[in-house]
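In my numbering, the protein residues as written are 397 to 602. Below: the structure, in structure tokens.
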């Protein structure tokens, strides 16, 4: 019974939100605004559920001695940052902003640097000039990398212009094709969920 109610609610609200995009009526705008307000409330509850789930998993993982220091640091950050924000606010020259600028931001930069390193190493292994498309891909990637560094302008002042041309035309054409495919896939998945064909979000395949 609960699965049937969930499917009916998904169908009704899905069709309402789908239809309001094609209507300029005042009622459609009011429905959209009301749903957005309720969405913020639902998001707050989902955030609370995520925090509780993270706490449960962290406490469970702390039973392993090798994971305990990392979990303690993460839990300390989880509680300290909201406390600082509530007591002193999030303006400049507050403990919250100091933690954000001197702890969180450097850690994020470190993670993105590691990600860039792994992407570069994977690209180096994948860029093998074994065919004409691979040669074109390798040349374009090298040109883009040179244009993003000071070395490109030193070697030849036209390298940045060629790199801009690649980004505006060949790269943009491929990006638009990918975005169209993503849009069609998202539309298909949404229709399957709204019509009740796709039911895995209910916790099962039947």
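Just so it is clear, CB atoms sit at the ideal spot from N, CA and C, and this is done for glycine as well.
Item	Value
Burial state of residue 559, where buried means 16 or more other Cβ atoms lie within 10 Å	buried
Option nearest residue 478 by Cα separation, candidates 590, 431, 513 and 493	493
Sub-8 Å separation of residue 592 and residue 407 beta-carbons	yes
Alpha-carbon spacing of residue 496 relative to residue 447, whole angstroms	19 Å
Extent of the continuous alpha helix (DSSP H) to which residue 469 belongs	464-484
CA-to-CA distance, residue 562 to residue 552, given in whole angstroms	16 Å
Where residue 526 sits in the DSSP three-state scheme	coil
C-alpha distance - residue 444 paired with residue 400, whole-angstrom precision	26 Å
6 Å CB neighbourhood of residue 508 in its chain, flanking five on each side removed	none
Three-way DSSP call (helix, strand, coil) for residue 490 in this model	coil
Contained alpha helix (DSSP H) runs [length at least 4] in the segment 399-475, N- to C-terminal order	422-457
Beta-carbon separation (whole angstroms), residue 555 vs residue 543, contact threshold 8 Å	5 Å
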